[in-house]
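Working notes for the structure below.
Residue numbers (the numbering used here): 803 to 1061.
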């Protein structure tokens, strides 16, 4: 495993083989996918950036946006010599992945989207702006505690305390300004047109996901004329790759093998 810096992004690169670009969500980092990277071994070349403003990556002086994230990951692929990659996204990362597939269709070989989103509803946009203000005023600890309560399933909180601790730490250790700008980027997000996505796509939702309910995944599938199967994981909230790590690893393995 090597960590490189590309366009001020910290990027983890693991393994050899077909490239797999893994894009985390709001409050996440490259470690959102650590269970899957460990579970799939060295058969693939995993590329896991911390998006600008998240994790170990620097926060730009200006505003963040979905367009900036798409451009950043496209540039990352160019710098690393990646001409075509399987693309995996979680939450906000699924929006970035869908735009990448539409704007750079030759770059994307397949899509595996955990907790898929299209764009926030109007009420959700204001809530994200309010959360940005809270991060700047109060720091990340109260936001981290709220996310553990609202985005993990009841079963996860009761029986997987290590997952709850991981999610809390992931959010709490974000740069408050970077997190706030990422909230604002998500608040301004516009949906990609799923009907323009031409690659094999798998959509994975949690049955207790209040952030990206399974109905959103089904809507995306419908707009792809049913071409994208929807997998709903039981007793699972929004952090699927951690809450149901083994199931997600198995689904990703099938997706990468084209089954």
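Where is the CB? At the ideal position from N, CA and C, for every residue including glycine.
Since this is a predicted model, take the numbers as computed values, not measurements.
Exercise. What's the call for residue 885, buried or exposed, on a 16-neighbour Cβ count within 10 Å?
Worked result: For the purposes of this step, residue 885 is taken as the residue at position 83 of the chain shown. It is exposed - the Cβ of residue 885 has fewer than 16 other Cβ atoms within 10 Å.
Exercise. Which stretch, first to last residue, makes up the alpha helix (DSSP H) that contains residue 884?
Worked result: What you label residue 884 is simply residue 82 of the chain shown in a count that begins at 1. Looking at the DSSP string, residue 884 is not in any alpha helix (DSSP H), and its letter there is neither H nor E.
Exercise. Should residue 940 be flagged as near chain D, meaning a C-beta pair shorter than 8 Å?
Worked result: The structure shown contains no chain D, having only a single protein chain.
For this session: Look at the Cβ atom of residue 1062, then the Cβ atom of residue 1004, and state whether they are nearer than 8 Å.
Result: Only positions 803 to 1061 of the chain appear in the structure, and residue 1062 is not among them; the question remains open.
Problem set entry | One or two residues paired with residue 914 in a DSSP bridge | By 1-based counting over the chain shown, the position of residue 914 is 112. Per DSSP, 890 and 1004.
Problem set entry | Where the beta strand (DSSP E) containing residue 805 begins and where it ends | Here residue 805 corresponds to residue number 3 of the chain shown, with the count starting at 1. Run containing residue 805: 804-808, per the beta strand (DSSP E) assignment.
For this session: Mind listing, in chain order, the continuous beta strand (DSSP E) runs of no fewer than 3 residues lying wholly within the segment 991-1044?
Result: Counting only runs of 3 or more, we get 1002-1008 and 1032-1035.
Exercise. Helix or strand or just coil, what does DSSP make of residue 1082?
Worked result: Residue 1082 cannot be examined here, being either before or after the span of the chain that is shown, 803 to 1061.
For this session: Go ahead and label residue 805 buried or exposed: buried means 16 or more other beta carbons lie within 10 angstroms of its beta carbon, across all protein chains shown.
Result: The sequence position of residue 805 within the chain shown is 3, counting from 1. Label assigned to residue 805: exposed.
Exercise. Do the segment 854-873 and the segment 987-995 meet, that is, are 3 or more Cβ pairs less than 8 Å apart?
Worked result: Flag = yes, the segment 854-873 and the segment 987-995 touch.
Exercise. Anyone know if the C-beta pair for residue 930 and residue 879 falls short of 8 Å?
Worked result: The sequence position of residue 930 within the chain shown is 128, counting from 1. The sequence position of residue 879 within the chain shown is 77, counting from 1. It is not a contact, given that the beta carbons lie outside the stated cut-off.
Exercise. Taking the alpha carbon of residue 816 as the point to measure from, which residue in 830, 864, 845 and 829 has its own alpha carbon closest?
Worked result: In the chain shown, residue 816 corresponds to position 14, counting from 1. Of the listed residues, the one whose Cα sits closest to residue 816 is 845.
Problem set entry | DSSP three-state assignment for residue 847, whether helix, strand or coil | Counting from 1 along the chain shown, the entry for residue 847 is found at position 45. In the three-state scheme derived from DSSP, where H, G and I count as helix and E and B as strand, residue 847 is classed as strand.
Exercise. Of the choices 1020, 1060, 1010 and 1018, whose alpha-carbon is the least far from that of residue 1036?
Worked result: Here residue 1036 is taken as the residue at index 234 of the chain shown, counted from 1. Residue 1010 holds the alpha-carbon nearest to the alpha-carbon of residue 1036 among 1020, 1060, 1010 and 1018.
Exercise. CB of residue 1010 to nearest heavy atom of the ligand GDP: below 7 Å?
Worked result: What this structure holds is no ligand at all, so the ligand GDP is not there to describe.
For this session: Assign residue 932 to one of three DSSP states: helix, strand, or coil.
Result: Along the chain shown, one-based indexing puts residue 932 at 130. Here residue 932 sits in helix by DSSP.
Exercise. In angstroms, rounded to a whole number, what distance separates the CA positions of residue 1041 and residue 952?
Worked result: Numbered from 1 along the chain shown, position 239 holds the residue referred to as residue 1041. Numbered from 1 along the chain shown, position 150 holds the residue referred to as residue 952. Those two C-alpha atoms are separated by around 11 Å.
Exercise. Nearest-angstrom Cα distance between residue 983 and residue 861?
Worked result: Counted from its first residue, the chain shown places residue 983 at position 181. Counted from its first residue, the chain shown places residue 861 at position 59. Each residue's Cα considered, the two are about 8 Å apart.
For this session: Measure how close the beta-carbons of residue 827 and residue 894 come, nearest whole angstrom, since I'm counting them as under 8 Å.
Result: Within the chain shown, the letter at position 25 stands for residue 827. Within the chain shown, the letter at position 92 stands for residue 894. Contact check for residue 827 and residue 894: beta-carbon distance about 4 Å, within the 8 Å limit, so the pair qualifies.
For this session: Return the residue from the list 819, 999, 915 and 814 that minimises the CA-CA distance to residue 1027.
Result: Residue numbering aside, residue 1027 sits at position 225 when the chain shown is read from its first letter. Considering only alpha carbons, the answer is 999.
For this session: With distances taken Cα to Cα, identify the nearest neighbour of residue 977 among 903, 859 and 821.
Result: Translated into the one-based positions of the chain shown, residue 977 becomes position 175. For residue 977, the closest alpha carbon among the candidates 903, 859 and 821 is that of 859.
Problem set entry | Residues bridged to residue 812 [DSSP beta-bridge criterion] | The residue you call residue 812 lines up with position 10 of the chain shown. DSSP, once it has assigned bridges, lists 807 as partnering residue 812.
Exercise. What is the DSSP secondary structure of residue 842, reduced to helix, strand or coil?
Worked result: Along the chain shown, one-based indexing puts residue 842 at 40. Three-state DSSP puts residue 842 in a helix.
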